[in-house]
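Peer 1: Below is a structure I'd like to ask you about.
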Amino acid sequence: MGLIKIENMVKRYPMGKTEFTALKDINLSFERGEFCGLIGPSGSGKTTLLNIIGSLDVPSEGSATVLDRNIENLSHIEAARLRSKHMGFIFQTYNLLPVYTVFENVEFPLLIMKVPEDERKKKVMDALQWVGLMDKIKSRPAQLSGGESQRVAVARAIVKRPELVLADEPTANLDAKNSHNVLKMMVKLNKELKTTFIFATHDEKVIGYLRRKIHLIDGKVAKDEIVN
Amino acid sequence: MIMFLLKGLIRDKSRSLFPVLMVSTGVFLTVFLYGFMQGIFDDFVKVNAQFDTGHVKIMTHAYKELFDQMPNDLAILEAEEMLTQLQDTEKGMIWTPRIQFGGLLDIPDKNGETKSQGPVMGIGMDLLSSDSKEKEILNLEDGIVQGRMPQKKNEILISEEFAKKLGVKVGDAATLISSTMHSSMAMYNFRVSGIVRFGMTALDKSTIIADIRDVRVALDMRDAASEILGYSRDMIYDDDGMIKLAERFNKKFFIEDDEFSPIMLSLGEQRGLGEYINLGKSFSGIIISIFVIAMSIVLWNSGLLNGIRRYGEIGVRLAIGEAKGTLYRRMIYESIIIGIIGSSAGTMAGLLICYYLQHTGIDFGNMMQKSNVLIANVMRTRVTTTSYVIGFIPGVIASVIGTMFSGIGIYRRKTSQLFKELEV
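Top to bottom, those sequences are chains P and C. Counting with my numbering, you get residues 1 to 228 for the letters of the first sequence. Counting with my numbering, you get residues 1001 to 1424 for the letters of the second sequence.
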């Protein structure tokens, strides 16, 4: 079985007295090591789909199985545990913890997982080495550029070597040069660590790096293309 | 993780400094108020015990009913026999007879004519016996500002304000005009051996202290005493113990129908002092409750503001897999740390000021010029073992309650909105 399997999935949100259908009849599967994106305009349902894959939300109908777990059946604590152990998240606006250093920000997911100190230190250093920020380990987020901050966010996402990294518009706040640097780094990590990356984006720069593009329009999969 | 949280707390001043300041201020006030009220209540009880009520007091049944009028015609007769009996049966107590009396004090000039005169409140007590503890009980020697303690027959001490008012000096004669216990007129000459400052407006206004033997002669009260006071040997009032002692005595001696039968009352059963004692006991609870509520509200608001400021951080923590319950608990751990640090600082500051005021006191004498209540003019704080810990109760509880309320928002966050919320 693949990493993620979504079958006949529908997601509805209450909207006043009626309901708004954000995702309709979604059938998708993802394998380990993919580098793919959910592409579409605003309101097309890409973030909603990312939420469900990330166990931040549940489907209204159908099923979503992520890492052999049915998302719709997970309790709040089980969902949190799934995210903590197996997923990394990258946000549009980095969301680093401002009072902690780069090292401590990257260390934080490992603290939640209660990883022993020696192992934690090694993993943090490895992650910072992958993203090329060894010279910034004692810096605070306010002392970093946008590109550097997003690299810290990437390090925080991959430090626990998750099977899956979910990124929502990761380059939206970066200039072209920094965007390419961050994306190249993600491609490298994807290859070296075999980590699956799923993006929600409409940024052409990101789209250019994707090996699989899933186009969403009005909550439906319009096209699912593999790029060779 | 605790170290990680501590680092965050120390570095984020708005998360630590303001709550710590808030908690330490509240704790400081709690410790100070507790010490101050403890000092006032203890002093009030102590002063009343020293001059009026004893830890227990024996009177006749009839005297008890009219004690405000000092009705010496209803005094205890054969007081020495009762005293001996008490000393034999209740060895853990110091027993001492007293006569309270009122009248006029007349100060003659060199020709024997009245120079000045004023109403007087007098206490006759055993001042001349070598084994008498009265001087220690009342701490009289320390209060003498001129002259000396009475050392021979007919010598008296007079209060400083009263002496000023009457123009009396040490060595002057003073005539007591009063009534005997048989209701005939009494006139008796004393000589002032010393002027004493009680430090209590009610006593300083118009008090004389004489040896009980002289007062018995003056008021024709042979072998009588208005009252017999009992004090525990360590001079610490134990309410329960004294109530039991009084019950024991009354069971043996008190006869309901006999108005001259002796009755023993504990300090708490006299002049409503029991209510003051209970108030004193419950005061710590009242202070703690007030400060827990007040500080909780302020810290709740501070927590809400912090929740807004840390909105992104909390969102990220939820997204990367920290369970809501864990996050909530960790915020409460933070509040416990804040509570302990703030309480320690506040307790230290509170204890410092309490120790200082325990030593120096605050003089409220000018505000009590017309006071008739037996209360010391210089009010002092009192540091007790409880003073060291009392602040931690409101400090830690308020900090935790404030965080518990403000942290409820964590449970209201929808994880499905996190990506959207964290875009901003």
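Ideal placement from N, C-alpha and C gives every residue a C-beta, glycine not left out.
Sorted by chain position, which residues of the same chain lie with C-beta nearer than 6 Å to isoleucine 1144 (chain C)'s C-beta, five sequence neighbours on each side aside?
Peer 2: Locating residue 1144 (chain C) in the second sequence gives position 144, where the first residue counts as 1. Correct list, in chain order: Gly1194, Val1196.
Peer 1: Taking the continuous beta strand (DSSP E) assigned at leucine 1005 (chain C), which residues delimit it?
Peer 2: Within the second sequence, residue 1005 (chain C) is the residue found at index 5, counting from 1. No beta strand (DSSP E) contains leucine 1005 (chain C), which is instead part of the alpha helix (DSSP H) from 1002-1011.
Peer 1: Based on Cα-Cα distance, which residue from P:Thr201, P:Glu61, P:Leu96, P:Arg212 lies nearest to glycine 33 (chain P)?
Peer 2: Counting from 1 along the first sequence, the entry for residue 33 (chain P) is found at position 33. The shortest C-alpha separation from glycine 33 (chain P) is found at P:Arg212.
Peer 1: For valine 1383 (chain C), return the contacting residues in chain P, with the cut-off set at a CB-CB distance below 7 Å.
Peer 2: One-based indexing of the second sequence puts residue 1383 (chain C) at position 383. None at all; the shortest Cβ gap to chain P is about 39 Å.
Peer 1: Quick one: residues in its chain with C-beta nearer than 6 Å to the C-beta of phenylalanine 1260 (chain C), no 5 flanking neighbours on either side, listed in chain order?
Peer 2: Position 260 of the second sequence, counting from 1, holds the residue named residue 1260 (chain C). So the list reads Thr1060, once near-sequence residues are dropped.
Peer 1: Does DSSP put isoleucine 1215 (chain C) in a helix, a strand or coil?
Peer 2: Here residue 1215 (chain C) is taken as the residue at index 215 of the second sequence, counted from 1. The identity of residue 1215 (chain C) in the sequence shown is valine, whereas the question assumes isoleucine. In the structure shown, valine 1215 (chain C) sits in a helix (DSSP, three-state: H, G or I).
Peer 1: Determine the burial state of phenylalanine 1291 (chain C): buried for a count of at least 16 other Cβ atoms within 10 Å of its Cβ, exposed for fewer.
Peer 2: Residue numbering aside, residue 1291 (chain C) sits at position 291 when the second sequence is read from its first letter. It is buried - the Cβ of phenylalanine 1291 (chain C) has at least 16 other Cβ atoms within 10 Å.
Peer 1: Would DSSP call methionine 15 (chain P) helix, strand or coil?
Peer 2: In the first sequence, residue 15 (chain P) corresponds to position 15, counting from 1. If DSSP states are grouped into helix, strand and coil, methionine 15 (chain P) belongs with the strands.
Peer 1: So which residues on chain C does asparagine 51 (chain P) lean against when the C-beta distance must stay under 7 Å?
Peer 2: Within the first sequence, the letter at position 51 stands for residue 51 (chain P). What asparagine 51 (chain P) touches in chain C: Ser1416, Phe1419.
Peer 1: Please report the Cβ distance between proline 98 (chain P) and proline 59 (chain P), rounded to the nearest whole angstrom; I am assuming they are in contact, meaning their Cβ atoms lie under 8 Å.
Peer 2: Looking up residue 98 (chain P) in the first sequence gives position 98. Looking up residue 59 (chain P) in the first sequence gives position 59. Between proline 59 (chain P) and proline 98 (chain P) the Cβ distance is about 35 Å, and since that is not below 8 Å, they are no contact.
Peer 1: State yes or no: is the C-beta of leucine 1203 (chain C) within less than 8 Å of the C-beta of tyrosine 1237 (chain C)?
Peer 2: Taking the first residue of the second sequence as 1, we reach residue 1203 (chain C) at position 203. Taking the first residue of the second sequence as 1, we reach residue 1237 (chain C) at position 237. Contact flag unset, no.
Peer 1: Taking only the alpha-carbon atoms, compute the straight-line gap between leucine 1166 (chain C) and glutamine 1117 (chain C) and give it to the nearest angstrom.
Peer 2: In the second sequence, counting from the first residue as 1, residue 1166 (chain C) sits at position 166. In the second sequence, counting from the first residue as 1, residue 1117 (chain C) sits at position 117. Looking at the two C-alpha atoms, the distance is approximately 7 Å.
Peer 1: So, does the CB of methionine 1001 (chain C) fall closer than 8 Å to a CB anywhere in chain P?
Peer 2: As a working mapping, residue 1001 (chain C) is identified with position 1 in the second sequence. Output row for methionine 1001 (chain C): interface = yes.
Peer 1: Identify, in the order they occur along the chain, each residue of the same chain with its Cβ nearer than 7 Å to the Cβ of tyrosine 1355 (chain C), setting aside the five sequence neighbours on each side.
Peer 2: Taking the second sequence and counting its residues from 1, one reaches residue 1355 (chain C) at position 355. Correct list, in chain order: Val1383.
Peer 1: Closer than 9 Å between beta carbons: that is the criterion. Which residues of the region 48-74 of chain P meet it against chain C?
Peer 2: Thr48, Leu50, Asn51, Ile52, Gly54, Ser55, Leu56, Asp57, Val58
Peer 1: Just checking: is the beta-carbon of valine 1316 (chain C) within a distance shorter than 8 Å of some beta-carbon in chain P?
Peer 2: Numbered from its first residue, the second sequence carries residue 1316 (chain C) at position 316. Yes, because at least one Cβ of chain P sits closer than 8 Å to the Cβ of valine 1316 (chain C).
Peer 1: What does glutamate 1313 (chain C) reach in chain P if we use C-beta pairs closer than 7 Å?
Peer 2: Indexing the second sequence from 1 puts residue 1313 (chain C) at position 313. Those within 7 Å of glutamate 1313 (chain C) in chain P are Leu97.
Peer 1: Since isoleucine 1107 (chain C) sits in a beta bridge, which residues does DSSP pair it with?
Peer 2: In the second sequence, the residue the question calls residue 1107 (chain C) occupies position 107. Answer by DSSP bridge pairing, in chain order: C:Ser1116.
Peer 1: Quick one: give me the first and last residue of the beta strand (DSSP E) that glycine 1230 (chain C) is part of.
Peer 2: Reading the second sequence from its first residue, position 230 is the one you call residue 1230 (chain C). 1227-1232 is the span of the beta strand (DSSP E), which, as asked, contains glycine 1230 (chain C).
Peer 1: Could you check how far apart the C-beta atoms of methionine 185 (chain P) and arginine 151 (chain P) are, in whole angstroms? I think they sit under 8 Å.
Peer 2: Against the first sequence, residue 185 (chain P) aligns to sequence position 185. Against the first sequence, residue 151 (chain P) aligns to sequence position 151. Yes, methionine 185 (chain P) and arginine 151 (chain P) are in contact; Cβ-Cβ is about 7 Å, under 8 Å.
Peer 1: Check whether the region 1318-1331 of chain C touches the region 82-90 of chain P, counting contact only when three or more Cβ pairs, one atom from each stretch, lie closer than 8 Å.
Peer 2: yes
Peer 1: Quick one: Cα of asparagine 73 (chain P) to Cα of valine 159 (chain P), how far?
Peer 2: The sequence position of residue 73 (chain P) within the first sequence is 73, counting from 1. The sequence position of residue 159 (chain P) within the first sequence is 159, counting from 1. The straight-line gap separating the alpha-carbon atoms of asparagine 73 (chain P) and valine 159 (chain P) is approximately 28 Å.
Peer 1: Just reading off the alpha helix (DSSP H) that histidine 215 (chain P) is part of, what are its end residues?
Peer 2: Within the first sequence, numbered from 1, the residue matching residue 215 (chain P) stands at position 215. Counting along the chain, histidine 215 (chain P) falls outside any alpha helix (DSSP H), though it belongs to the beta strand (DSSP E) covering 212-217.
Peer 1: Any C-beta of chain C sitting closer than 8 Å to the C-beta of alanine 155 (chain P)?
Peer 2: As a first step, residue 155 (chain P) must be located in the first sequence, where it is residue number 155. It does not: the Cβ of alanine 155 (chain P) has no partner Cβ on chain C nearer than 8 Å.
Peer 1: Within the same chain, show all residues whose beta-carbon is closer than 8 Å to that of proline 41 (chain P), passing over the 5 residues directly before and after it, in chain order.
Peer 2: Reading the first sequence from its first residue, position 41 is the one you call residue 41 (chain P). Cβ within range, chain order: His202, Ile217.
Peer 1: With a cut-off of 8 Å on the beta carbons, I'd call glycine 1350 (chain C) and isoleucine 1212 (chain C) a contact; round off their distance for me.
Peer 2: For this step, residue 1350 (chain C) is matched to residue 350 along the second sequence. For this step, residue 1212 (chain C) is matched to residue 212 along the second sequence. Not confirmed; about 45 Å, so no contact.
Peer 1: Name, going along the chain, the residues of the region 1017-1038 of chain C whose beta-carbon falls closer than 7 Å to a beta-carbon of chain P.
Peer 2: none
Peer 1: How many whole angstroms separate the CB atoms of serine 1232 (chain C) and isoleucine 1390 (chain C), which I take to be in contact at a CB cut-off of 8 Å?
Peer 2: Taking the first residue of the second sequence as 1, we reach residue 1232 (chain C) at position 232. Taking the first residue of the second sequence as 1, we reach residue 1390 (chain C) at position 390. The pair is not a contact, with the Cβ atoms about 26 Å apart (cut-off 8 Å).
Peer 1: Arginine 140 (chain P) by DSSP, collapsed to three states: which one?
Peer 2: By one-based count along the first sequence, residue 140 (chain P) stands at place 140. Looking at arginine 140 (chain P) - three-state DSSP - the assignment turns out to be coil, as it is neither helix nor strand.
Peer 1: Give the residues of chain C in contact with leucine 216 (chain P), contact being defined as C-beta atoms less than 9 Å apart.
Peer 2: Translated into positions along the first sequence, residue 216 (chain P) becomes position 216. What leucine 216 (chain P) touches in chain C: nothing, since even the nearest Cβ is about 15 Å away.
Peer 1: Measuring alpha carbon to alpha carbon, tell me which residue in C:Ser1178, C:Phe1051, C:Gln1358, C:Gly1312 is nearest isoleucine 1410 (chain C).
Peer 2: One-based indexing of the second sequence puts residue 1410 (chain C) at position 410. If we check each option's Cα against that of isoleucine 1410 (chain C), C:Gly1312 comes out closest.
Peer 1: I'd like to know if the region 1297-1307 of chain C and the region 1012-1024 of chain C are in contact, where contact means that at least 3 CB-CB pairs between them fall below 8 Å.
Peer 2: yes
Peer 1: Excluding five sequence neighbours on each side, which residues of the same chain lie with their C-beta closer than 8 Å to the C-beta of isoleucine 1243 (chain C)?
Peer 2: Taking the second sequence and counting its residues from 1, one reaches residue 1243 (chain C) at position 243. Ser1266, Gly1268, Glu1269, listed in sequence order.
Peer 1: Of the residues that make up the region 1290-1305 of chain C, which ones have a beta carbon closer than 9 Å to any beta carbon in chain P?
Peer 2: none
Peer 1: Is glycine 1035 (chain C) close to the ligand ADP? I mean its beta-carbon at under 7 Å from any heavy atom of the ligand.
Peer 2: Ligands are entirely absent from the displayed structure, and the ligand ADP is therefore not among its contents.
Peer 1: DSSP three-state call for phenylalanine 941 (chain C): helix, strand or coil?
Peer 2: Limits of chain C in this structure are 1001 at one end and 1424 at the other, which puts residue 941 (chain C) out of reach.
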